[in-house]
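Numbering (our numbering), first residue to last: 3 to 61.
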């Protein structure tokens, strides 16, 4: 089953690449996406990003 969450105020801790750990000064960096969407399929996040990139998908 696929679930689409839209108009999320802010997604927190989103990174382009997976990191094993964050320490030191890197802990002050908190990447976020405002006005976001997130798509989940079979309990796995398969897509996320800003609403502008979602297009005209019907929820």
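Glycine included, each C-beta is placed from N, C-alpha and C at the ideal position.
Problem - 6 Å CB neighbourhood of residue 35 in its chain, flanking five on each side removed - result: 13, 16, 52
Exercise for the section: Return the Cβ separation of residue 31 and residue 41 in integer angstroms, given the expectation that the two are a contact with Cβ distance under 8 Å. Expected result: Residue 31 to residue 41, Cβ: 25 Å. No contact.
Exercise for the section: Apply the 10 Å Cβ neighbour rule to residue 39 and answer buried if 16 or more other Cβ atoms are within range, or exposed otherwise. Expected result: buried
Exercise for the section: Just the C-alpha distance for residue 21 and residue 58, rounded to the nearest angstrom, thanks. Expected result: 32 Å
Handout entry: Through-space distance from residue 33 to residue 19, alpha-carbon basis
Key = 12 Å
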